[in-house]
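A.B. asks:
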Amino acid sequence: MKSIWIALLGLSVTAFGGCSTVNQPFAGASHRVLRETPQTQFGMAQTNVGRNINRVSLAGFQQDENEGAVSKSLKSWNSPRERQSSSPANSQPGNLMVSELVPGQVQGYESQEQVFTLADLEQMAVFNNPALATANASVDKSAGLFRQVGTRANPSLGYAASQLADQNTDQHTVFLEQEFVRGDKLALNRKVLRHTSEAQCLEIETQRYRVLTDVRVRFYEAIAAQRQLDATIMFAEVASQAVDVATSLQLAGEGTIVDVLQSKTLLSETNLAREQSEAAYRGAWKDLVAIAGAPDLKPARLVGDFGSPVGVQDWEEAYRVIKSESPELAAANAIVCEKKAIWERQQVQAIPNLTAQLGAGYDRGTDSGLVNFQIVAPMPTRNRNCGNIAAARADYTSAVENVKRIEMSIKSRLARSAQEFESANASVQRYEQEILPQARESLELSEKAYRAGELAFLQVLTVRRSYYDSNIRFIQSQGRLAQASAKVDGLLLTGGLDAPQDYTTGDDLRGQSFGGQ
């Protein structure tokens with residue numbers, strides 16, 4: 009019988025998603041709560057497409073240039089009768105080998121040449137996301153309104169004629185009229201809009217965090233799906249080899265039909281997992297590029313790492329840092345200042361403006377010139393703006409309470425993210441320190457026992473399936489940990505495609521400033 013070789017120990021932990029340091033795009037102390045790595049400025053990481061691509065290595069596999077055989081971590085899986093005599097030297101050309109799996113040439117990635125890093129997608133999102141463009145437009149709007157609400161009224165130029173029916177007694181006058189705003193209303197208007205513009209600028213920063221957090225969370229989701237796909241494709245190769253081995257052993261009278269059926273079942277399940285992994289990757293990719301503002305991009309290889317597991321976090325300190333750095337909370341505080349300024353502004357509305365008129369003309373009846381001057385002011389006897397003052401006070405109270413609401417919301421979101429983080433972090437550490445080493449050792453021992461004739465083929469197949477399942481769960485845990493960490497690093501701001509807040513209300517205050525009403 010031909011000797012049959014397959015790689016049994018080639019699926020290393022590195023192949024299923026090892027750990028390394030993550031480059032975070034978020035600057036600030038909140039980032040340092042979870043990770044201590046050198047960072048670029050917020051959202052402006054360097055792009056390195058096509059250069060220095062650190063592809064995910066599949067450790068343990070090295071292709072032989074002459075025969076296409078696996079020359080590293082190669083273990084025999086021959087029939088018990090042939091174990092003592094078979095060796096790589098007497099392998100036949102028809103032996104079954106596991107060829108090298110090259111990341112980026114896996115089926116399921118439509119673009120085999122183009123790769124994307126997290127920094128690439130972040131910069132793409134900053135330039136293409138429509139919500140950010142909307143937020144920037146609102147800042148321009150608030151700046152224009154700031155100029156407008158403090159502008160004084162135009163003077164009026166007019167002509168008046170009187171006594172036209174009396175011959176030679178008519179009077180003709182040209183006059184200039186100007187309204188003078190009292191109570192410093194126009195300056196108070198600009199004070200209000202100054203706080204509005206500040207809140208609108210902070211809304212841009214809030215939206216940028218939302219966009220980049222969403223990009224990071226979806227990037228890690230796609231990376232996890234990609235690595236699961238890589239691992240499943242690799243295991244499918246092994247499962248396919250196992251079917252051939254089981255069939256050969258059964259034909260040689262050293263295996264059973266049960267072994268063949270079990271190995272075929274494993275292959276079918278693995279192919280199903282591969283299809284599901286491909287669907288998960290494609291779905292994660294579409295979600296990712298939609299947030300990045302490039303929904304027409306075809307699925308391509310993503311290059312990046314999850315990061316290293318960390319220890320227990322001080323979540324109270326994290327809450328303090330997030331409160332101090334959150335642009336969402338800062339914008340809410342700016343609105344409190346705006347509402348207070350509006351309250352102050354409404355309190356001076358009842359101070360009457362003065363309208364002065366100066367005219368000069370000619371009186372035909374006396375054949376001499378004339379000068380007219382008058383000044384008018386409304387009397388605040390009935391309308392003292394009490395309703396608007398009460399409404400402004402209510403708006404101020406509402407804005408103060410909204411700050412408290414956001415603080416409670418941050419604490420609630422942090423509690424949920426902390427739960428996700430701690431659960432995933434415990435899982436990653438347990439798999440990395442205990443479960444995967446144990447599963448790998450169990451696989452190695454089962455291979456030795458099989459070569460010694462102490463274990464059946466089906467038992468070894470079960471151990472390998474267990475090792476594969478452990479690696480898949482490890483990848484999933486890494487993805488959840490990275491996503492939870494990204495949310496905290498992003499100050500718990502998500503919703504990159506949600507409409508940003510527009511705090512501007514127009515130039516109503518300027519219109520109210522004139523007329524003294």
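Quick note, the sequence shown lines up with residues 9 to 525 if you use my numbering. Yeah, the Cβ is synthetic: ideal placement off N, Cα and C, and Gly gets one too. It should be emphasised that the depicted structure is a prediction, and the values quoted were computed from it without experimental measurement.
Along the chain, which unbroken stretches of the beta strand (DSSP E) at least 3 residues long are found entirely within the stretch 312-371?
C.D. replies: As far as the stretch 312-371 is concerned, its whole beta strand (DSSP E) runs of at least 3 residues are 362-371.
A.B. asks: Sorted by chain position, which residues of the same chain lie with C-beta nearer than 6 Å to residue 297's C-beta, five sequence neighbours on each side aside?
C.D. replies: Excluding residues within five positions, the ones whose Cβ falls inside 6 Å are 303, 305.
A.B. asks: Assuming residue 380 is part of the beta strand (DSSP E), what are its boundary residues?
C.D. replies: First-last of the beta strand (DSSP E) with residue 380: 376-384.
A.B. asks: Looking only at its own chain, which residues have a Cβ that is under 6 Å from the Cβ of residue 126, when we skip the five neighbours before and after it?
C.D. replies: Once the five neighbours on either side are set aside, the close Cβ partners of residue 126 are 227, 312.
A.B. asks: If I measure Cβ to Cβ from residue 96 and keep anything under 6 Å in the same chain, skipping five residues before and after, which residues do I get?
C.D. replies: Confidence at residue 96 is low in this model, with a pLDDT of 33, below 50, so its placement is unreliable and no value can be given for it.
A.B. asks: Starting from the C-beta of residue 208, find all residues in its chain whose C-beta is less than 6 Å away, skip the five residues before and the five after it, and write them out in chain order.
C.D. replies: The answer, listed in chain order, is 146, 147, 150, 511.
A.B. asks: Is residue 451 closer than 9 Å to residue 270 when the C-beta atoms are compared?
C.D. replies: It is not a contact, given that the beta carbons lie outside the stated cut-off.
A.B. asks: Please state if the CB of residue 351 and the CB of residue 404 are separated by a distance shorter than 9 Å.
C.D. replies: Result yes, Cβ atoms of residue 404 and residue 351 sit closer than 9 Å.
A.B. asks: I believe residue 267 touches residue 254 by the beta-carbon criterion, under 8 Å. Please report the beta-carbon distance rounded to the nearest angstrom.
C.D. replies: About 4 Å; that satisfies the 8 Å criterion.
A.B. asks: Out of curiosity, what's the CA-to-CA distance linking residue 447 and residue 286?
C.D. replies: For residue 447 and residue 286, the distance between alpha carbons rounds to 26 Å.
A.B. asks: Taking the alpha carbon of residue 421 as the point to measure from, which residue in 409, 395, 183, 330 has its own alpha carbon closest?
C.D. replies: If we check each option's Cα against that of residue 421, 330 comes out closest.
A.B. asks: So residue 142 is in the beta strand (DSSP E); what residue range does that whole segment cover?
C.D. replies: That residue, residue 142, is in no beta strand (DSSP E); its alpha helix (DSSP H) goes 138-157.
A.B. asks: Excluding sequence positions up to five away, which residues of its chain have a Cβ less than 6 Å from the Cβ of residue 225?
C.D. replies: 491, 494, listed in sequence order.
A.B. asks: Is there a C-beta anywhere in chain C that falls below 9 Å from the one on residue 181?
C.D. replies: Reference to chain C is not applicable here, since this structure consists of a single protein chain.
A.B. asks: Grab the span of the alpha helix (DSSP H) containing residue 204 for me, first residue to last.
C.D. replies: Counting along the chain, the alpha helix (DSSP H) containing residue 204 begins and ends at 193-259.
A.B. asks: Just curious, the alpha helix (DSSP H) that residue 522 is in, first and last residue?
C.D. replies: It is not in any alpha helix (DSSP H) - residue 522 carries neither H nor E in the DSSP assignment.
A.B. asks: How many Å lie between residue 438 and residue 334 at the Cα?
C.D. replies: So the alpha carbons of these two residues sit roughly 33 Å apart.
A.B. asks: What is the residue span of the alpha helix (DSSP H) that residue 455 lies within?
C.D. replies: Looking at the DSSP string, the run of the alpha helix (DSSP H) that includes residue 455 is 444-459.
A.B. asks: Could you name the residues that DSSP lists as bridge partners for residue 168?
C.D. replies: The partner list for residue 168 (beta bridge, DSSP) reads 181.
A.B. asks: Between residue 196 and residue 356, is the Cβ-Cβ spacing less than 9 Å?
C.D. replies: Yes, they are a contact pair.
A.B. asks: Considering just the uninterrupted stretch of the alpha helix (DSSP H) at residue 279, what are its terminal residues?
C.D. replies: From DSSP, the alpha helix (DSSP H) with residue 279 extends over 265-299.
A.B. asks: Cα separation between residue 295 and residue 235?
C.D. replies: Distance between the alpha carbons of residue 295 and residue 235 is about 17 Å.
A.B. asks: Cα-Cα, which of 369, 280, 481 is closest to residue 169?
C.D. replies: The shortest Cα separation from residue 169 among 369, 280, 481 belongs to 369.
A.B. asks: For my contact list, residue 498 and residue 221 are in at a C-beta cut-off of 8 Å; report their separation, rounded to the angstrom.
C.D. replies: Indeed they touch by this definition, with Cβ atoms about 3 Å apart.
A.B. asks: If we count the other Cβ atoms within 10 Å of its Cβ and call it buried at 16 or more, is residue 485 buried or exposed?
C.D. replies: So residue 485 ends up on the buried side.
A.B. asks: Note the first and the last residue of the continuous alpha helix (DSSP H) segment covering residue 306.
C.D. replies: Careful: residue 306 lies outside any alpha helix (DSSP H) and carries neither H nor E.
A.B. asks: Expressed to the nearest angstrom, what Euclidean distance is found between the alpha-carbon atoms of residue 325 and residue 479?
C.D. replies: One C-alpha to the other measures close to 34 Å.
A.B. asks: Less than 9 Å between the C-beta atoms of residue 137 and residue 265, yes or no?
C.D. replies: Taking 9 Å as the Cβ cut-off, residue 137 and residue 265 do not qualify as a contacting pair.
A.B. asks: Considering only their Cβ atoms, is the gap separating residue 482 from residue 418 smaller than 9 Å?
C.D. replies: Not closer than 9 Å, so no.
A.B. asks: Straight-line CA distance for residue 449 to residue 430?
C.D. replies: Each residue's Cα considered, the two are about 27 Å apart.
A.B. asks: Quick one: Cα of residue 395 to Cα of residue 201, how far?
C.D. replies: Between residue 395 and residue 201, the C-alpha separation is close to 21 Å.
A.B. asks: Helix or strand or just coil, what does DSSP make of residue 405?
C.D. replies: Three-state DSSP puts residue 405 in a helix.
A.B. asks: Looking only at its chain, what residues have a beta carbon closer than 6 Å to the beta carbon of residue 365, apart from the 5 residues adjacent to it on each side?
C.D. replies: Hits under 6 Å: 183, 185, 382.
A.B. asks: Since I believe residue 407 is in contact with residue 347 (beta carbons under 8 Å), could you give me their beta-carbon distance rounded to a whole number of angstroms?
C.D. replies: The pair is a contact, with the Cβ atoms about 4 Å apart (cut-off 8 Å).
A.B. asks: Compute the distance between the beta-carbons of residue 432 and residue 501, then report whether it is under 9 Å.
C.D. replies: No; because the gap between Cβ atoms is not below 9 Å, this pair is not in contact.
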